Structure formats: structure tokens, C-alpha cells
Amino acid sequence: MATPHDEMWEKLNLDLEGHAGLLEVLGKFYGDIYMSQSGRLKGMEYLDFVLSEVHGLRIKELQDAKAQGKKIIGTFCVFVPEEIVLAANAVQVGLCAGAEAGTESAEKILPRNTCALIKSFVGFKLSRLCPYIESCDLVVGETTCDGKKKAYEIFEEYTPVYVMEIPQMKNACDRDLWKSEVYRFKDKIEEITGRKITAQSLKEAIQTLNARRRALQRLNTLRAAVPTPISGRDVLLINQVSFYDDPVRFTASINKLCDEIETRVKAKEGVVPEGTPRLMLSGCPMAIPNWKLPFVIESSGAVVVGEESCIGTRNIRDLVEEKGETVEELLDAVIDRYMRIDCACFTPNTERMEHIVSMAKELKAQGVIHFALNFCQPYTIEAFKVNRALDQAQIPMLSIETDYSMEDVEQLKTRVEAFVEMVKN
Amino acid sequence: MDKPIIAGIDIGSRSIELVVLQGGQRTHEAKVPTTFDPLGQCRRILEGKPVDRIVSTGYGRKLLADFLNGEVPVTTITEIQAYARGAHHLHPGVRTILDIGGQDTKVISLHETGKVAKFEMNDRCAAGTGKFLEFMAAALQIPIEDFGTFALGADRRIKISSMCTVFAESEATSLVARGERPENIALGLHLAIVQRTLSMLGRVGKEPPLLFAGGVAHNPCIRALIEEETGLAIVVPENPDMVGAVGAALYGTDMYLSGNV
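This is how it looks when you write it as C-alpha cells:
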């Protein structure tokens, strides 16, 4: 079927046929999982629209930005300081990594037992299905895990890649390392954009991104209400879209949505009845369109009330201190903020256990479902400590390891339903 | 309704079990193979048995609910819930349930009250389940019912390290080629399953009494090895494969008693 974007996709050298197939599957999947929900908030229409145009109008906007001389920086990780990119008047976007696409081509260069996320981004690139990657002037990788680290070495042969070194511990020397990495990144971005980052542009960027984080924090506070005013699927989608959309427009839309939720909460209206079991998700990021597990959970008589994940609270919990007046002071604040990220790539990572327990309590979650991608060592191994911390807090946990395929959906349903029965009784 | 007739039906990958309760008393039970027509088998098993409510469990639970929709009210519960309810009824005080079925293995830890405290199920692969034993028994040309007794005739323990059914078969074949006694190979295969089960018990906890359910509980070699490896005396119900159906029927009865229908 011809679309108004065909010409643009062709210019981006996408595999048009494969891409049309991908969009068709995505559309159907979205219809089944999202449009089938009842009692949805009016404000979600914005998200529906953004998603329907995620490879269309948004890509067009990126092309227009490029035509004006802006640079597009693609990322896969919440460690990449967007403040720096924005301060250099460039655009940062999250890249496609949430669908089983191009697995066959990816497995030509990656071992089969590589996590689905890595296989996905390599597959998207090799099979020319992601217009974001194709629009990027630079893809920023990072050393969060060995799989990614080694995959970027190969990925680099297909697209320009820059890798940031992420510390693995949180001692003073690790902060020093991170500081030098942030400065090195700033130089790189200044070089590629040809723009010098100033105290003013950095401060504005910090404020813009803090505003986005505050809007998402507000959303998380509101959803804690009983009965739950918004489905977990919808909040996950919002978090996913936050990586793609223009930050200012996105923040305004989410604040508007929050106003609507406020009204709903005051009226004690919920998207599910009051006694519906409340579950929290924790673990690996769920990139678009990885909605499998939230859908299984919410089709099993429970509602998801929180996402302890990079595409969730890990990305929005901490703000950057705004008071600095010089580039150095402001960068210090950026460095400190990113050092607080509780990714499983750190050792030890005790903050994460504390965050999970306090978050579950605040959200009145009756149980936690820990989600790890198969072969993701940091999260699969850390699940043991998460389980212990939750045990001590007397919050039940179910550990799930899965990938992007649909073949285990029935088995997942049995486990999730059994868990829901367990927390309900 | 004074004494409603409740059917509990457990639609597993290998067999379907039915238990009918009236006023809490068991009035009928049956077991048939699942085949490739589970719905037809359910129809047959229920034929001429008027029931007021069905509680279905097992992997085919929803299939039946959709199929009978409108004829008889059907409630679905998971195998975890059904086994917990059934085991607690058959042997009050049971704290751990090990169920090895045709395609999955599960360990359920219960509170004293019978409430589920924790559970774990095997991943998508059927390694370490009844299917594995069935496949290996066929490879060694021993009827599955006799496989456990056959393995007990071993005179030495060998280790089969592959848990993948396909690899384990080639491992067994190479042992045959080396002249190993088939009884010893059979024991090795039984040990492989038990090892896998033990790691699951280790994670969930093996608080006694431990009840062993599911079709594989009929196998004397697996029973003996589990007792030996855990150091616990295991409880095996009279009909270990009926535990899920009993639990489902009891769940339905509870629903009536609590007026929650």
C-alpha cells in the first residue's frame, strides 16, 4: 500500500517491502493490545497518533531538522546525557530495539544466545527496517554489558558509532572516569554539530529535560491512586514514546493527560475495578513494541502500576540540579545525576533493591514481576537479590525470563495467572 | 441448589482427568488421553454426566471454557491453584508439591493454611518432564509403564549430562555403542530428571511434607531417587495424576459454599 512517506523511506534506503510488512504487523499488534482497551483516557489519543506516525511524521520532522543543519544522535541507553545533545541544538532519539526483526541477518554475525535487544538493533540495521538508525548522524553506544560492548564493534562497520564508557562501580575514581567520559562526549557532540555548548544552552537543555522528567514523575504519582486511573500498558507506551518525541511537545501532552487523570482520580474513577490486583514490573527495558508481558499481565485480571526499568522510573527518578551558572558547574550536576542511575551493570547495586522495595510500597503493589531478557546476565543474575529484598519486605515476586517471540505466551499466561491468584488470595 | 454437582477437569498435554463431586463427595472420576482432539475428549468424558458447574485447569483450560460457553458455567483456574487445593485436601499439612507432568514440571510451596507461597515452573522446553522419559523409554524400547522398574535394575550409576532430549538420546546411543547395560543408561536418564527437579526444589524450598503428584509420580525409580536425594519421605497420593482435577472440583465447591458464583 502506498503511503505519503514512501519517497522519504526510499531515500533513507529502507527495505520498502520488509518495512511495509513490519508496519502492518505493528499496526495489528497495537490494535489488539492498545485499541482493545476500554475506559481509556482521551489524552492517550496523542500517543496513539505519535505511535501511528512513529516511522512517518516523526521521521519527516527529523529530516526537516537535518535540512536545517541539525544533527540526529541515536542512542540505546539512558546513560547517554541528552542534556549535552540538546544543548548543542541536536536531536536525540532512542533507536529501534524492541521487535523481532531481521533476526536471521543478526544471527549471521551474533551468537544465537545473545539477548533479544541486541539482536534486534543489529537486525534492524542489517535488514534496513529502522528509519531512525538511517536518519542518524551518530549512534552512541555504551559499555553497559559485554553483549552490547562487543556488538558495537561490529555495528560500527555499518554505521558511525561512538562508545561511552560507563563505570561499573560508584567510588570516587568511578565518578572521575564518568566525568572524563561526559567531557569527551561533549567534545564529540560539539565537533559533530559545530556548535559550542554554552552555560545558557546547557541550562535550558537541563530545564527542558527536567520538565519532561517532572511530567512523567507526576504521571507516576497520579497512577498510584486506587482505583488505578490508567493502564500499565498505556504508561509503558508513554515512557517508550518519551525516547522518540520532541521533548517540549511531549511534556505538554503528558501534563495535559495528567490534568485529565487528576479529574479521574478525584472522581474515584478507575480503568479497572478497585479490588484488581496491583502488580509492579521490574527489570530489563521494554523497547517499542515489546508489550508482551504487560499485555499478558493485564489480560490475567491484574493491573500494572509501575515500571522499575530504564523505560520507566530509572529514566525519570532523578533530576539534574539546575542552579549552576557555568558550563563546568552545570556539567557537574549532569554527571552527578547520571551517576545515580541504578542499572544492573553496577556492582554492588544495593540502591536498586531499596528503590524496588520502596516503589512497590508507594504504589501499593501486591506483587512484583521481574522481567529479564534471556541471556541478559546483569538482570537475570540480579533477580536473585531482588527476590531476597522483596521476600524480606514480604512482597511476592515472580521471575520471568523471556524474549520478543510469541511462542511462550501461553506458558507465561499460566505463570502470571497463577501469580495473580496467589496475590489475590 | 442443595448439593450442586461440580466437575473438575484437568486438561493436560498428555491426559485429561475428570473428578465429579456432589456435596463434597466424589461420585465419579475418569481419565483419558488428550490426543489431538482435546475438546472431543472432554465431550466424551463428560457425556451423560449432568453437572451444574465445571472448573477447568491445565493448559487446555480456556479452550473448554470457550467451547462450552453458555451450556454450563465454566470457571478456569491455573494448575498451580488446582494442585495446591487438591494436595491440601488429600494430605492436609503438605508444605511442598512436586508435580512432574507430561510437558511441565512445577514446584509449589504452600503455607500451613494451604495457600500458595511460591511456585516455579520449567521453561518452554519440556526437558526434565514426563515427555523426556517417554521419549527415552521409546529409544530404549521399554514400555513407559515399566521404565522405572527397569531402571531400578541398574548395577552402576552413570551420568548423562545432556538435558536436551535430542542430545540425551545421542548420548544414550553412544553409551549403547560402548556396551553399557541399558538398565544403567535408563538409571542415568532418571537421574538427569531428578537433578533438574532438585535444583527447582532448591530454589522454591523443600519444606516437608513433600507431595509428589503428576503422571511421573507413578515411576518407582524417580520416587526412590527423589527420596534418596532430598532425604525426605515423599507422599504420593493414591492417584497422583488426579490431584489437579480434585483441586479444580473442590475449588468449584468452595465457590458454591461461599456463594461466590
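First to last, the protein sequences are chains A and B. Our numbering puts the first residue of the first sequence at 3, with every later residue one more than the last. Our numbering puts the first residue of the second sequence at 9, with every later residue one more than the last. Beta carbons are placed, not taken as given, at the ideal position from N, Cα and C, and that holds for glycine. As the structure is a prediction and not an experimental result, all values here were calculated from the model.
If you follow the beta strand (DSSP E) that residue i is in, where does it begin and where does it stop?
i      : result
S117/B : T113 to L118
T83/B  : V82 to T84
I193/B : Not the beta strand (DSSP E): I193/B falls in the alpha helix (DSSP H), residues P190 to V212.
F140/B : That residue, F140/B, is in no beta strand (DSSP E); its alpha helix (DSSP H) goes G138 to A147.
G96/A  : V93 to G96
D18/B  : I13 to I19
A221/B : L218 to A221
How far does the alpha helix (DSSP H) with residue i in it extend, from its first residue to its last?
i      : result
T173/B : T173 to A185
F126/A : A118 to L128
M361/A : T352 to E364
G149/A : D148 to F157
G308/A : Run containing G308/A: none in the alpha helix (DSSP H); it sits in the beta strand (DSSP E), V305 to E310.
T416/A : V411 to K426
S54/A  : M46 to S54
G122/B : That residue, G122/B, is in no alpha helix (DSSP H); it is neither H nor E in DSSP.
G229/B : First, the residue type needs correcting, since residue 229/B is Cys and not Gly in the sequence shown. Run containing C229/B: P228 to T238, per the alpha helix (DSSP H) assignment.
Report the option in the options whose CA atom is closest to the CA atom of residue i.
i      : options                           : result
R93/B  : G223/B, A145/B, F75/B and S117/B  : S117/B
E177/B : K214/B, F143/B, R51/B and Y259/B  : F143/B
S233/A : L28/A, E26/A and I35/A            : I35/A
R130/A : V359/A, A153/A, V418/A and A22/A  : A22/A
G41/A  : D236/A, A207/A, A213/A and S137/A : D236/A
P124/B : E235/B, D45/B, G101/B and I17/B   : Residue 124/B is actually Val in this sequence, not Pro. That would be G101/B, whose Cα lies nearest to the Cα of V124/B.
A207/A : F126/A, V250/A and G196/A         : V250/A
I152/B : K114/B, T173/B and A194/B         : A194/B
S284/A : E276/A, I75/A, V425/A and M355/A  : M355/A
V329/A : T145/A, A89/A, S301/A and G143/A  : A89/A
A362/A : Q396/A, C378/A and D338/A         : Q396/A
Y134/A : P231/A, S38/A and I75/A           : I75/A
L206/B : H36/B, G156/B and T113/B          : T113/B
M341/A : A4/A, K181/A and C147/A           : K181/A
L295/A : F386/A, L128/A, L18/A and L239/A  : L239/A
A420/A : T65/B, G48/B and L197/B           : T65/B
D148/A : R417/A, A367/A and C347/A         : C347/A
In three-state DSSP terms, what is residue i?
i      : result
H372/A : strand
L185/A : Reading off the sequence, residue 185/A comes out as Tyr, not Leu. Correct three-state label for Y185/A: helix.
V142/A : strand
Q379/A : helix
P169/A : coil
K57/B  : coil
T253/A : helix
V102/B : coil
I318/A : helix
I397/A : coil
E128/B : strand
M288/A : coil
Q49/B  : helix
E25/B  : strand
M37/A  : helix
T65/B  : strand
P41/B  : strand
Y164/A : strand
Q70/A  : coil
H36/B  : strand
M408/A : coil
Rounded C-beta distance between residue i and residue j? I'm assuming under 8 Å.
i      : j      : result
T84/B  : R69/B  : 4 Å
P190/B : L233/B : P190/B to L233/B, Cβ: 18 Å. No contact.
R204/B : M250/B : Actually they are not in contact, since the Cβ atoms of R204/B and M250/B sit about 24 Å apart, beyond 8 Å.
V370/A : M288/A : Incorrect: roughly 15 Å between the Cβ atoms, too far for contact.
L332/A : K205/A : 6 Å
A92/A  : I191/A : 7 Å
P12/B  : S23/B  : About 26 Å separates the two Cβ atoms, so there is no contact after all.
N376/A : C117/A : 7 Å
L97/A  : T77/A  : 7 Å
V2/A   : P279/A : Nothing can be reported for residue 2/A: it is not among the residues displayed for chain A, which extend from 3 to 427.
A374/A : T382/A : 4 Å
V254/B : V27/B  : 5 Å
I298/A : V274/A : A small fix is needed here, since residue 298/A is Val in this sequence, not Ile. Between V274/A and V298/A the Cβ distance is about 15 Å, and since that is not below 8 Å, they are no contact.
I313/A : Q242/A : 6 Å
Query raised in the report: According to a CB-to-CB cut-off of less than 9 Å, which residues of the stretch 91-118 of chain A neighbour chain B?
Result: none
Query - Where the stretch 413-427 of chain A meets chain B: residues whose CB sits under 7 Å from a CB there - result: Q413, T416, R417, E419, A420, E423, M424 and N427
Query raised in the report: Which of the residues in the stretch 230-261 of chain B, read from start to end, lie with their CB under 7 Å from any CB of chain A?
Result: none
Query raised in the report: What residues in the stretch 69-95 of chain B have a beta carbon less than 8 Å from any beta carbon of chain A?
Result: Residues of the stretch 69-95 of chain B with a Cβ closer than 8 Å to any Cβ of chain A, in chain order: I85, T86, E87, I88 and Q89.
**Report entry** Chain-ordered residues of the stretch 115-147 of chain B with a beta carbon less than 7 Å from chain A
**Finding:** Within the stretch 115-147 of chain B, those residues whose Cβ lies closer than 7 Å to any Cβ of chain A are, in chain order, K123, V124, F127, M129 and R132.
Query raised in the report: Name the residues in the stretch 42-69 of chain B whose C-beta lies less than 8 Å from a C-beta of chain A; which are they?
Result: Y67
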